[in-house]
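Residue numbers (this note's numbering): 2 to 246. Built from N, CA and C at the ideal position, the CB exists for glycine as well. Read the structure below first, then the notes.
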């Protein structure tokens with residue numbers, strides 16, 4: 002998510018980590034910062050306490066869809082092999098449900114204010130409340146003043162949420178009944194979601210790890226998954242052995 006060094010500094014030098022939701026932009030004592038934040042009396046800024054295991058506290062956030070999908074798939078493959086279950090057949094059953102689950106997940110992103118979009122003057126621009134993550138990002142970028150409503154942004158969470166609902170319908174009601182070989186439903190899900198995610202990333206403006214100035218981490222991950230999905234769709238199944246004479 003682009004915050005790797007923050008986790009390193011949380012253990013090595015927490016004064017280098019900004020306290021993004023502190024109650025005050027400047028401080029003289031820790032009480033002004035709120036929560037468990039401390040005050041750097043030299044720079045008069047708040048910072049979090051030392052914590053070498055902040056990266057492991059998943060209940061405080063930090064989970065992402067692609068990371069969860071990749072590791073869950075790896076464990077599912079191990080589980081299927083251990084119990085001698087057909088991996089691709091189970092994956093085809095799971096693929097539409099994954100898209101339906103992500104439909105609800107992205108609604109949660111919208112309610113939380115994360116995964117927000119770029120500033121827009123279009124019809125579907127949305128504003129988040131004062132103090133929310135997108136509001137603070139615009140304030141820190143000097144686009145708005147204190148107590149001013151934020152500028153409208155693309156509702157990227159809803160774009161992807163509705164897109165995933167559509168992908169659920171396509172994979173469940175269109176691809177699944179017409180499946181000719183195992184792995185096709187999973188392949189369709191991988192291809193369609195990789196395209197959807199890459200398009201949504203163009204309109205996102207949150208910090209999520211951007212490489213070379215234009216490619217996000219999720220777009221880079223989408224490329225091999227799209228290729229894998231195409232292979233699952235286009236591959237030829239091995240011919241069944243001829244029955245004995």
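Other residues of its chain near residue i: CB distance less than 6 angstroms, five sequence neighbours each side excluded
{"i": "residue 27", "result": "45"}
{"i": "residue 92", "result": "187"}
{"i": "residue 136", "result": "129 and 151"}
{"i": "residue 96", "result": "172, 186, 187 and 190"}
{"i": "residue 160", "result": "201"}
{"i": "residue 7", "result": "18"}
{"i": "residue 169", "result": "97, 100 and 101"}
DSSP three-state assignment for residue i, whether helix, strand or coil
{"i": "residue 173", "result": "helix"}
{"i": "residue 144", "result": "coil"}
{"i": "residue 217", "result": "strand"}
{"i": "residue 236", "result": "coil"}
{"i": "residue 51", "result": "coil"}
{"i": "residue 180", "result": "coil"}
{"i": "residue 17", "result": "helix"}
{"i": "residue 36", "result": "coil"}
{"i": "residue 28", "result": "coil"}
{"i": "residue 139", "result": "helix"}
{"i": "residue 7", "result": "helix"}
{"i": "residue 254", "result": "Here the chain covers residues 2 to 246 and nothing more, so residue 254 does not appear."}
Residues that DSSP places opposite residue i in a beta bridge
{"i": "residue 41", "result": "46"}
{"i": "residue 154", "result": "120 and 127"}
{"i": "residue 205", "result": "118"}
Neighbourhood of residue i by C-beta, 7 angstroms cutoff - its chain only, sequence neighbours within 5 removed
{"i": "residue 35", "result": "23 and 24"}
{"i": "residue 157", "result": "116, 117, 118, 201, 204 and 205"}
{"i": "residue 21", "result": "137"}
{"i": "residue 165", "result": "100, 103, 104 and 107"}
{"i": "residue 61", "result": "none"}
{"i": "residue 55", "result": "8 and 11"}
Nonlocal neighbours in the same chain, by C-beta distance under 8 angstroms from residue i, ignoring five residues either side
{"i": "residue 122", "result": "153"}
{"i": "residue 227", "result": "191, 192, 195 and 196"}
### Task
Enumerate, from N- to C-terminal direction, the unbroken alpha helix (DSSP H) stretches of 4 or more residues contained entirely within the segment 62-135.
66-83 and 88-113
### Query
Three or more beta-carbon pairs under 8 angstroms between the segment 27-44 and the segment 193-205, yes or no?
no
### Message
For the structure I just gave you, are there three or more beta carbon pairs, one from the segment 83-92 and one from the segment 103-119, closer than 8 angstroms?
### Response
no
### Query
Can we say the segment 113-125 touches the segment 176-186, given the rule of at least three CB pairs closer than 8 angstroms?
no
### Message
With three or more beta-carbon pairs closer than 8 angstroms as the criterion, would you say the segment 45-62 touches the segment 8-22?
### Response
yes
### Message
Does the structure place the segment 66-85 close enough to the segment 165-181 that three or more beta carbon pairs sit under 8 angstroms?
### Response
Taking 8 angstroms as the limit for Cβ pairs, the verdict is that the segment 66-85 does not touch the segment 165-181.
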